[in-house]
Amino acid sequence: MIDWPLVSVIIFLPLIGALIILFIKEDELTSTNIKWAALLATLGTFILSLILWLQFDYSNPSYQYEEKFRWFDDFNFFYHVGVDGISLFMILLSTFLTPLCILASWNNIKKRVKEYMLSFLFLETVMIGMFASIDILLFYIFFEAVLIPMYLIIGIWGGNRRIYASFKFFLYTLLGSVLMLIAIIVMYRNTSSMSIEFLQGNYFSYNTQLFLWLAFFASFAVKIPMWPFHTWLPDAHVEAPTAGSVILAGVLLKMGGYGFIRFSLGMLPEATEFFIPLIMTLSIVAIVYTSLVALAQTDIKKLIAYSSVAHMGIVTIGIFLVNQQGLEGAMMQMISHGLVSAALFLCVGVIYDRMHTREIEFYGGLVQRMPLYATVFMIFMLGSVGLPGTSGFIGEFLVIVGAFKFSSYVVIGAAFGIILSAVYMLYLYKRIIFGTITNNKLADILDINTREKIILIPLAISVILLGIFPNLFLDPMRLSLELIITNYEIANAK
Amino acid sequence: MLNNIYNIFFIPEIFLACSSFVCLLFGLFLKKNAFRQTSNLAVFVLLLTILLVYYDSESNFANYKSLFSHSSFINFFKILALLGSIASIIISKDYFLGIKLKNFEIPILFLFSTLGMMLMIASNNLMSMYLAIELQSLSLYVAAAIKRDSISSAESGVKYFILGALSSGILLYGFSLIYGFTGSMNFDDISFYLSKYDNLNLGLIFGLVFVMVGLAFKVSAVPFHMWTPDVYEGAPNSITGFFAIVPKIAAVALIYRFCLVPFENFYLEWSQIILFLSIASMFLGAIAAIAQSNIKRLLAYSSIGHIGYILIALVAANDDGIKAVSIYMFSYMIMNVAIFAILLSLKVKNEYLINISDLKGLSKSNPIVSLSISIIMLSMAGIPPFIGFFGKLYVFIAAIEQELYVLSVLGVLASVISAFYYLRIIKIMYFDESKSEGIINFQISFQSKIILSLSLFLIICFIFYPSLLINISASLTI
């Protein structure tokens, strides 16, 4: 095992990078230095997080690499971080996507490069910290601190309606998370503990659980987002710069799913049992409704944003099935969606950088001029549809298998949504890529360059890798998920 | 301490009073630079007073037959008020010189007002409480109107004076009722007398309500807040800074002591009033601030909102509540010192900054300053990881300890609303494109820079070692 504080180093390395960047004076020449510093810090973090995976003990369901220090003298709040099978891949996803984001904004962010990189590095620290926290207060601090850099990223470097979108994003998610703060304090008052590990028993009376569950639901349902709390998402996605959308879709939405698994399932099992029908209904409505809405979009980013809501509907179904297949499927779907939707946003970014529009109408026949782009885009499109051999298939398949144990109506809803997702994605692909070039402006559009290849090819490889060797990812998380399911069943058997 | 008659001068309040007179004479006899020298002397005097308060903490020498009381809570707030006073004298020095308001009386007024506040915090008797309130208020009335040739300053002074006098009258009427029905002015005697009864009689309830109204005026809780935005707006910026930072500390400590010492057994009676004040302040502070275009008015409403949170901790009325209020007041003071240190150094076209929209483009011309303002705003909004979050956290911990769930939920909802106008300032600095760059000047003296960096350091780094403050505040007894 590793005897140095690996997790803390991973959490704070980006922040150290940010501090270094803070002292680089920005001008025309040094802005490249700033970008390189940011890239190196994030790459370093990614490499360290790979050590986390390589050294991970698959046979241990609980937290590994734990670090615990007393933080507050009067209450039992600790600086307590560690990694288990559930958070491992969330951390990897964050560390994997952030360097790609830095690369993706290499040329198209021209103003305030320093602030941009600072925001991204701070964001990375906060995201990793959130997934690695074992103390709930620490989790909450990171969970809310995410809003600050994201607000700036959308508001400063976003599109035309960026101010509206950034305020909506901030206030909407803040409204959800402040209720969680109250719930956390109530939990602490009942148990005198803030440890996620400790609280994953069944410590609260049934009525308390119901209220706590609703408070957590408010925060995670907004974050994930579930229908009807999803309205901030299309705005935020559309207005954010490409890299902002990538992080938003790739990691921030997963905070909701992660929270559901850890808090709702882990700590409030009886209330979860009570609310399962609600979640299932909302998820199915989300899948069908947002898929139909996606079909009608004229803006590529908006279409992908709505498809995110639909995919996260599959995730919530999987989580609240509370069986092995369902949870594994939900986790796989989260990882897969993190890669695929991030990649799709990057693909949109590629043509947006060239043409400065995201209207579907504008494009058509790109395959004639950009064959490589068409290929990569196809891989991600198929991943989003859930074709066997891609990562999307594993998640959706497992969730549907799990759902058969629960109710065939849920299966019908979920399957219908998956068919619809094929419809809107293939339709999108057809309109953008196939056909002949009708728009003269596209006549001399260039295919993806080396930088874009460096960004997109690792993503394409991991999407296929995930689809062919799912056990690579499922094995480490299996025991941790089993632990949660066992606890859940014990609590509800009483 | 030796039993020596001169030891009387080591009692912080007496020391401060005598030194203030010395400062007055000192300023009077100085021909040149009177203002600057007197300010420096005042800061020095206040520093010495902090030392005296700190070392005097064990002695029980100066309670003057229970006119004043002595406890760790009182000492903590005294030191807080003194620190706030020092900081606001330092940060406002250049501003006064900049607007050519060089009356050396200003630091003296601050000194006397601080003396009044120390007495207020320590007072253990209705009479001493009233006199202390008047001492600090009278100094502040004069300070608000100090810019004699400015109509707005005079207006704010007069407004403050009339409304303050009215509230003092109400307060005094409440005192007389309480005295009439309990037969004593001393807090402990009142408490002892009341402990014999299960509920308050009508006269005492009236007395209590009148006193609450007077105190609510002093802390500017809704619906007795009307003077705050006007006075903040009219007074010179540096005086506004003083208003925002220091008197609130004393008034909050006073309202805590008044509720928790003589009336501690009648929680139900006063908590209803405080509950209403708290909810109304939080929401009005949050909603009314949205429409403001003047930064001083905005900060006035923001301080009203903060008072709402502080009163939540008072409704909780437990040990955690005392802890919460001390942490919250500390963070409140730090954040206000930081924001006023910046505001008093920002000039737009050679005028000191007033309109929020003038901050446009600050992030281009002064990235460090705008980053600092953003951090302060986020901290005021209670967004982690800054110090403001911990103030709110402790307030809610105290409230939930007392099972005040509805109040806590209302509190967090108000904090979401208030986040909007704090974010708006960040939006103006960062998101809005400005065509006219470089019209904003940031000139700050070395001393203010130290104060500003120190308070920013505390705002950002509190999270790394919270126990330092928390251990102190956990040991406070009222």
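Chains as they are written, first to last, in our numbering: chain U, 11 to 504; chain H, 39 to 516. Just so you know, even glycine gets a beta-carbon here, dropped at the ideal spot from N, CA and C.
Can you name, in chain order, every residue of its own chain whose Cβ lies under 6 Å from the Cβ of U/F416, other than the five neighbours on each side?
Excluding five sequence positions before and after U/F416, the CB atoms of its chain that fall closer than 6 Å to its own CB belong to L331, given in chain order.
Any beta strand (DSSP E) of 3 or more consecutive residues that is wholly inside the segment 86-163 of chain H
Listed in chain order, the beta strand (DSSP E) elements of length 3 or more contained wholly in the segment 86-163 of chain H amount to none.
Alpha carbon to alpha carbon, how far is U/I44 from U/S115? Give it in angstroms, no decimals.
Their backbone Cα atoms lie some 12 Å apart in a straight line.
List the residues of chain U that H/I438 touches, going by C-beta distances under 9 Å, in chain order.
Chain order gives the chain U residues near H/I438 as I192, I195, V196, Y198, R199, where near means a beta carbon separation below 9 Å.
For U/R488, three-class secondary structure by DSSP:
Under the three-state reduction of DSSP output, U/R488 falls in the helix class.
Three-state secondary structure (DSSP) of H/E332
The sequence as given places Asn at residue 332 of chain H; Glu does not occur at that position. If DSSP states are grouped into helix, strand and coil, H/N332 belongs with the strands.
Interface residues of chain H facing U/R379 [CB-CB closer than 7 Å]
Against U/R379, chain H offers no close residue; the least beta-carbon distance is about 34 Å (beta-carbon pairs closer than 7 Å).
Is the distance from the Cβ of U/S205 to the Cβ of U/G269 below 8 Å?
The Cβ atoms of U/S205 and U/G269 lie no closer than 8 Å to each other.
H/I478 bridges to which residues according to DSSP?
As a beta-bridge residue in DSSP terms, H/I478 pairs with H/V386.
U/R171 at chain B interface by Cβ criterion, 8 Å
You won't find chain B in this structure, because its protein chains are U and H.
On the three-pair Cβ rule with 8 Å, is the segment 388-407 of chain U touching the segment 367-375 of chain U?
Touching, no.
Classify U/H347: buried if its beta carbon has 16 or more other beta carbons within 10 angstroms, exposed otherwise.
Counting every other CB atom within 10 Å of its CB across the protein chains shown gives U/H347 a total of 16 or more, marking it as buried.
Going straight from the alpha carbon of H/S58 to that of H/S493, what length do you get?
Straight-line measurement puts the Cα of H/S493 at about 27 Å from the Cα of H/S58.
Proximity of H/C61 and H/I144 at Cβ, strictly below 8 Å:
At a Cβ-Cβ threshold of 8 Å, H/C61 and H/I144 do not count as neighbours.
Between the alpha carbons of H/L40 and H/Y93, how many angstroms are there, rounded?
Legend: pLDDT at H/L40 = 49, less than 50; position of this residue unreliable, no value from coordinates given.
Between the alpha carbons of H/V247 and H/G212, how many angstroms are there, rounded?
If you take the alpha carbons of H/V247 and H/G212, they lie about 7 Å apart.
Can you give me the start and stop residues for the beta strand (DSSP E) that U/R80 sits inside?
74-80 is the span of the beta strand (DSSP E), which, as asked, contains U/R80.
Which residues in chain H have a C-beta closer than 8 Å to the C-beta of U/A281? List them in chain order.
Simply none; closest approach about 16 Å.
H/G399 lies in the alpha helix (DSSP H); which residues open and close that run?
That residue, H/G399, is in no alpha helix (DSSP H); it is neither H nor E in DSSP.
Selection of the segment 483-515 of chain H by Cβ proximity to chain U, strictly under 8 Å:
I501, P504, S505, I508, N509, A512: these are the residues of the segment 483-515 of chain H whose beta carbon lies less than 8 Å from some beta carbon of chain U, given in chain order.
When the cut-off is 8 Å and only beta carbons count, does H/V454 lie next to chain U?
Among the residues facing chain U, H/V454 is included, as its CB has a counterpart in that chain under 8 Å away.
Give me the chain H residues within the contact set of U/V188, using Cβ-Cβ distance strictly less than 7 Å, ordered along the chain.
Here the neighbours are V450, S453, V454.
Just tell me which of U/L39, U/M365, U/S490, U/L16 has its CA closest to the CA of U/R272.
Nearest option by C-alpha distance: U/S490.
Assigned exposure category for H/H263 - 16 Cβ within 10 Å defines buried:
Under this definition H/H263 is a buried residue.
For H/K398, which residues of its own chain have a beta-carbon under 6 Å away from its beta-carbon, when the five flanking residues on both sides are left out?
Here the set comprises I466, D470, S472.
Considering only the alpha carbon of each residue, which of H/V386, H/I380, H/M418, H/S107 lies closest to H/F484?
Its Cα nearest to that of H/F484, the residue H/I380 stands out among H/V386, H/I380, H/M418, H/S107.
Where are the alpha helix (DSSP H) runs, 4 residues long or more, that stay fully inside the segment 18-88 of chain U, in chain order?
For the segment 18-88 of chain U, the full-length alpha helix (DSSP H) segments reaching 4 residues or more read 40-64 along the chain.
Can you tell me the Cβ-Cβ gap for U/K178 and U/W242, rounded? I've got them flagged as a contact below 8 Å.
Approximately 5 Å separates the beta-carbon atoms of U/K178 and U/W242; this is inside 8 Å, confirming the contact.
Are there 16 or more other CB atoms within 10 angstroms of the CB of U/R172, so buried, or fewer, so exposed?
Counting the other CB atoms within 10 Å of its CB gives U/R172 a total of 16 or more, which places it among the buried residues.
Confirm, please, whether the CB-CB distance from H/V257 to H/L322 is below 8 Å.
Taking 8 Å as the Cβ cut-off, H/L322 and H/V257 do not qualify as a contacting pair.
Tell me the rounded alpha-carbon separation between H/G343 and H/M320.
When only Cα atoms are considered, H/G343 and H/M320 end up about 4 Å apart.
Specify the secondary structure class of U/G92 as computed by DSSP and reduced to three states.
Strand at U/G92.
Extent of the continuous alpha helix (DSSP H) to which H/P274 belongs:
No alpha helix (DSSP H) holds H/P274; DSSP gives it neither H nor E.
Write down every uninterrupted run of the alpha helix (DSSP H) in the segment 295-373 of chain U whose length is 4 residues or greater and which is fully enclosed by it, in chain order.
The segment 295-373 of chain U is shown to contain whole alpha helix (DSSP H) runs of 4 or more residues at 310-331, 334-365, in chain order.
Tell me the start and end of each unbroken alpha helix (DSSP H) in the segment 113-179 of chain U that is at least 4 residues and wholly inside, in chain order.
Correct list: 123-142, 146-155, 157-167.
For H/I510, collect the residues of the same chain with a Cβ closer than 8 Å to its Cβ; drop the 5 residues on either side in sequence, then sort them by chain order.
Taking C-beta separations shorter than 8 Å and ignoring five residues to either side along the sequence, the partners of H/I510 in its chain run F114, S364, following chain order.
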